[in-house]
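Numbering (our numbering), first residue to last: 169 to 361.
No residue lacks a Cβ here, since even glycine has one placed at the ideal position from N, Cα and C.
Okay, structure first, notes after.
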Amino acid sequence: MKIRLLLFLAVFALFEFSAQDLKEKKPKMDFYFNPALNVGFNINNKNKNSSNSQYIESKPLLGNFTYGITAVGGYNFLPNFAIGTGLKYSFAQDNYHLLYWVIQPKFIFSPGDRPFYIDVNYGKQLNHSAVSDTEFWGLRLGIQVSYSKRLSQEGGLVLESHRLKEGVDGFFIGLSYGISIFSNKNYTGYGED
Numbered sequence: 169m170k171i172r173l174l175l176f177l178a179v180f181a182l183f184e185f186s187a188q189d190l191k192e193k194k195p196k197m198d199f200y201f202n203p204a205l206n207v208g209f210n211i212n213n214k215n216k217n218s219s220n221s222q223y224i225e226s227k228p229l230l231g232n233f234t235y236g237i238t239a240v241g242g243y244n245f246l247p248n249f250a251i252g253t254g255l256k257y258s259f260a261q262d263n264y265h266l267l268y269w270v271i272q273p274k275f276i277f278s279p280g281d282r283p284f285y286i287d288v289n290y291g292k293q294l295n296h297s298a299v300s301d302t303e304f305w306g307l308r309l310g311i312q313v314s315y316s317k318r319l320s321q322e323g324g325l326v327l328e329s330h331r332l333k334e335g336v337d338g339f340f341i342g343l344s345y346g347i348s349i350f351s352n353k354n355y356t357g358y359g360e361d
């Protein structure tokens with residue numbers, strides 16, 4: 169299903185590129201760096217160790233909340249598409265301190281002062297924690313608001329599916345806030361002289 173979603177987004181982005189007017193040159197960020205904070209709620213908090221005993225209380229395998237920080241750097245080589253890579257730290261529960269290497273294709277709609285974006289995230293765990301060799305898939309939908317010549321604020325909705333180990337998967341819905349620092353000073357209206 170994840171592959172189908174990625175294929176759908178890729179076809180949609182290609183359609184968007186071919187439909188745009190070639191005479192109108194849309195701005196690009198060029199190189200960018202995007203640190204972001206996120207917090208989420210686990211809607212897939214299943215209790216695998218359920219018991220019929222009144223004396224034993226089983227605990228959920230993952231906590232209800234997660235928080236983390238992501239730092240991604242990349243290049244916006246087409247007006248509506250950028251690709252980046254970086255690191256993501258995620259805390260899901262005691263001893264679940266997860267450090268991921270992230271690949272992030274970014275689809276940008278109406279580039280410029282207030283673009284809407286969709287980030288597709290894939291991450292593979294780098295460190296050893298209570299679990300190892302985990303991965304996550306994520307989707308971030310949001311809007312950037314230009315702040316200066318080379319800086320934008322951004323906020324959005326985050327959907328993440330973490331595959332930790334058998335029976336300990338989590339699906340988090342949350343919010344994200346970050347900034348984008350980019351090299352093209354003419355990307356927003358602040359840079360135009």
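Reduced DSSP category for Gly236 - H, G, I as helix; E, B as strand; rest coil: strand
Endpoints, beta strand (DSSP E) assigned at Lys256: 249-259
Simplified DSSP assignment, three categories, for Gly231: coil
For Arg308, the first and last residue of its enclosing beta strand (DSSP E): 303-316
Run of the beta strand (DSSP E) containing Pro273, from where it starts to where it stops: 265-277
Extent of the continuous beta strand (DSSP E) run through Asp337: 337-350
Chain-order list of residues whose beta-carbon lies under 6 Å from that of Leu267 (same chain, five-residue window excluded): Tyr257, Leu294, Asn295
Limits of the unbroken beta strand (DSSP E) element including Ala204: 198-210
Inter-stretch contact at 8 Å, needing at least 3 Cβ pairs: the segment 270-279 / the segment 346-354: no
CB of Phe209 within 8 Å of CB of Phe340, strictly: yes
Proximity to Pro283 [Cα-Cα], best of Ser316, Gln312, Trp269: Gln312
Buried versus exposed call for Gly357 [16 or more other C-beta atoms within 10 Å across all chains shown]: exposed
Beta-carbon separation (whole angstroms), Asn352 vs Met197, contact threshold 8 Å: 6 Å
Gln321 burial status per 10 Å Cβ neighbour count (16 or more: buried): exposed
C-alpha gap between Lys333 and Gly310, whole angstroms: 30 Å
Three-state secondary structure assigned by DSSP to Val299: coil
Contacts around Asp250, its chain only, beta-carbon distance under 6 Å, and the 5 residues preceding and following it disregarded: According to the sequence shown, residue 250 is Ala rather than Asp. Closer than 6 Å at the Cβ level, and outside the excluded window around Ala250, lie Gly242, Asn244, Lys274.
C-alpha gap between Gly306 and Ser278, whole angstroms: 22 Å
Paired residues, beta bridge with Gly323 - DSSP: Ile311, Tyr345
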